[in-house]
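Presented below is the structure to which this report refers.
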Amino acid sequence: MRRVPTPLAALLAAATLVCLSWIVLLAPLQGPDEHNHVAYVQQLAETGDGPVWGATEGGTHSSESVELQTWQGLSALIGMLSARPGWTEPEERAYAQVAQDARRDDGTGPNPVAQNPPLYYAYSAAAYNLGTAWSLPTRLTLMRLANLPLFLAIVICAWLAVGAAFGRRRFLQTVGAGIAALLPMVGMMSAVVNPDIALTAVFAAFTALALTALRVGPRPPVVLGLAALGAAALLTHGRGLAILPPLALVLALLGWRALRELPPRRTLLLAAGTLAVGAAGAVGAFWYSAAHGEGSSIAGEVGNSAGSGNLRGFVAYVWQFYLSPLVSMSPPPGPEYGFRQVYVDTFAAGTFGSLEIQYPLWVYSWVQVLVGAGLLVLFGAIVRRWEAIRAHVAPVAVVATLVVSVLLTIHFAAYGDLSAGSPDPLLTGRYLLPLLVPFALAAVFVVSSLPRRLGTAVGAGLVTGWALMSIAALALTLARFYV
Amino acid sequence: MTAAGAALAFLVAAIAWGIPFLDREREAHTGTPTPPPYAEVTPIVLKPGEVACLDSVAVEPSTRVVRLLAASQPVGVPLRVTARGDGWRSESTTSDAYGGTDPIHAPLSPPPHALLAKVCVGNVGERRVRLQGTIEARVQSRSRTAIDGEPIEARLSLILLEEAPAPIVDRIGTILDHVAAFDPPFIGSFSVALLLALLVAGVPAAVVFALWRSLRDDDHSE
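Chains A and B supply the protein sequences, listed in that same order. Start counting the first sequence at 0; every next residue gets the next number (numbering that gives the first Met the number 0). Start counting the second sequence at 0; every next residue gets the next number (numbering that gives the first Met the number 0).
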């Protein structure tokens, strides 16, 4: 059996500590939309079927959950910096008393996340069921703990992806995996009951496996694994649809090689198996979402308002999201919201809890400067190493397609809703988490392009900086909820 | 060199940010029966002699101050704040030296043990007083508000505090107890303290070690 490389083992230990600390310090139900995701898991675990959206009787949350929110002040706590949870003994006692008879299976009312496909929720329901004899706070902790293997898988996939792209260079792999382990947003999301962490894990695995597949060729386990990850993405979240273009590209590239390297009969069988796995996932996801989302399909969150707006407006919206408007452009719909808010404030630096826990403003300004500098150096490195990139056009094309596909998907969804009159920008940094490994690859590419001593210092600085920010974010979270 | 630089960065951050963070004085909350409104204040108006009461307010032995908030109040009015529950009672009167949207502080004689109490605010002045309340759906707290026994839709904003702001480091035991209150029975304040100690020491150590070891591995493989 192969040993886990020592630097990776150290990073996995760090990631475990970060995840456990978030699980303990982030007050119950205070992650993004966590109360609704927990309601989904509970309904699925208690009744065998998930909640629905639309005209349906009952409350979104079970009586047991409502009592918890009532007695421990968790509902008024969401996003409210001046509120604290009910931590006193009389509140705990009162909750314990009413929880004994409170129903767990009556969260039958409309749930705004009901259209999400069920894969992550079924996984989380298994953890919930382990604690069925215990109180809801304990089951909540178990659900959050179930995210830990997903988080560790992300770190491992980042390590493998860098290895597949840059070879067995331990420092570069440490930088890539270190970014995945210590980016504060991914740390927090690893402790929140929310399918975003599962989607991140699926995309991380896809990135690593796609890069490996392009090296080893069309081996059946690899090809079928890619198809399974495509199915898993669709079964995890509507934003998982973004996996289809890069999946199609990598399968096409592998198919081209299979035609030359494998016997025709084997190629045909492999193609049929791949299609079957992918189709099963797609059919399952679309069927479930249509049945639970009151007519809206799996696209749910990414396509509710797809009919609104037009292509010209979409292009103008995306342009102004990243750049200053051109003279001919009319202002985009919605509030002033762009690169800084998504890439810097809620991704590279991070805002925590339900967006109310923030670093001091100067931190975001500095991170913005560093992200800008990083992009400039990345551009310079691409120009300088263009020949090397051209020599690896297939993996670069797959990763680039993945990036473009995810960005188009989330911008398309946000534009559709904003055009339909929503005041919410509907785009936040955690939606970029499926691009965590491609971002880590970009950072590693920059580090590997710099002179050796400078590159080493930059790589170490990235990992160290994000480790410090992770610890700081946890300290701010402690102060926000418990002081 | 690189690993030493990373270790130095952790040390500098601990001294430059960590120690001031732990040592900075912060308001010490003991409870928020109803937090202040998020976006829109719904004034709760008390005529002279009227009393607004909140039920099911958790009060701890460390609670010393009841904080209310004025709502566009031109001139302050004295308020009598009473709290009672399980045989305990506290009563005090605020000054009238507030206005606008100022916080209004009333001292509270703490109960001998944590309990659920009824907290009432009476207008003992000669003018009407407008206090901050909320009907926002997101601030639907457990404690309902009634004026002279008649329930109203808005909830009176009320925060309970310890006597004075204090640094985290001085209240670390209490804070760890607060954290542990929401965890499973097998996680107590000691295990939370152990985890946080491991986080603060272990993550930097793991990062420094991973960087050092990876550079050494690369050197050996060249």
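Note that CB positions come from ideal geometry on N, CA and C, so glycine has one too.
| Check | Outcome |
| --- | --- |
| Valine 23/A at chain B interface by Cβ criterion, 9 Å | yes |
| Environment of arginine 167/A [buried if 16+ CB atoms lie within 10 Å] | exposed |
| Residue closest to leucine 193/B, alpha-carbon to alpha-carbon, out of Leu435/A, Leu16/A, Gly47/A | Leu16/A |
| Assigned exposure category for methionine 0/B - 16 Cβ within 10 Å defines buried | exposed |
| Where arginine 103/A falls: helix, strand or coil (DSSP) | coil |
| 8 Å CB neighbourhood of leucine 250/A in its chain, flanking five on each side removed | Val222, Leu225, Ala226, Thr273 |
| Buried or exposed (CB count within 10 angstroms, at least 16 for buried), proline 148/A | exposed |
| Between the CA atoms of histidine 104/B and alanine 163/B - distance to the nearest angstrom | 12 Å |
| Contact between the region 31 to 41 of chain B and the region 132 to 141 of chain B (3+ Cβ pairs under 8 Å) | yes |
| Where the alpha helix (DSSP H) through glycine 460/A begins and ends | 451 to 481 |
| Residues of its chain near glutamine 172/A, where Cβ-Cβ distance is below 6 Å and the 5 sequence neighbours each way are ignored | Trp158, Val161, Gly162 |
| Cβ-based burial, tyrosine 321/A [other Cβ within 10 Å; buried from 16] | exposed |
| Sequence-distant residues of its chain with Cβ nearer than 6 Å to valine 366/A (five each side left out) | Val343, Ala347, Ala348 |
| Three or more C-beta pairs below 8 Å linking the region 114 to 134 of chain A and the region 225 to 241 of chain A | yes |
| Span separating the alpha-carbon of proline 424/A from that of leucine 406/A | 15 Å |
| Whole-Å CB distance - asparagine 122/B paired with valine 76/B, under 8 Å assumed | 6 Å |
| For glutamate 149/B, the residue or residues it bridges with in DSSP | Ile146/B |
| Spatial neighbours of alanine 27/B in its chain, beta-carbon cut-off 7 Å, leaving aside the 5 residues before and after | Leu160, Glu161, Pro164, Ala165, Arg170 |
| Helix, strand or coil at isoleucine 77/A [DSSP, three-state] | coil |
| Range of the contiguous alpha helix (DSSP H) that encloses glutamate 386/A | 385 to 390 |
| Neighbour flag for tyrosine 481/A against chain B, beta carbons, 9 Å | yes |
| Nearest candidate by alpha-carbon position, reference leucine 435/A, set Met188/A, Val23/A, Ser64/A, Val112/A | Met188/A |
| Short Cβ contact (9 Å threshold) for alanine 8/B with glycine 464/A | yes |
| Outcome for isoleucine 356/A when other beta-carbon atoms lying within 10 angstroms are tallied against a minimum of 16 | buried |
| Chain-ordered neighbours of tryptophan 70/A on chain B, where CB pairs are closer than 8 Å | Arg141 |
| Tryptophan 21/A in three-state terms, based on DSSP | helix |
| Per-residue burial, valine 192/A [other beta carbons within 10 Å of its own, 16 or more giving buried] | buried |
| Proximity of alanine 152/A and alanine 190/A at Cβ, strictly below 9 Å | no |
| As assigned by DSSP and simplified to three states, the class of arginine 83/B | strand |
| Same chain, Cβ closer than 8 Å to arginine 102/A, neighbours up to 5 away in sequence not counted | Ser61, Ser62, Glu63 |
| Short CB-CB distance (under 9 Å) between glutamate 162/B and chain A | no |
| Interface residues of chain B facing arginine 168/A [CB-CB closer than 7 Å] | Asp217 |
| Serine 188/B: first and last residue of the uninterrupted alpha helix (DSSP H) it sits in | 188 to 220 |
| Beta-carbon proximity check, leucine 118/B vs leucine 157/B, cutoff 9 Å | First, the residue type needs correcting, since residue 118/B is valine and not leucine in the sequence shown. Taking 9 Å as the Cβ cut-off, valine 118/B and leucine 157/B qualify as a contacting pair. |
| Expected contact under 8 Å - CB spacing of valine 206/B and alanine 466/A to nearest Å | 5 Å |
| For arginine 83/B and serine 108/B, the rounded distance between their alpha carbons | 11 Å |
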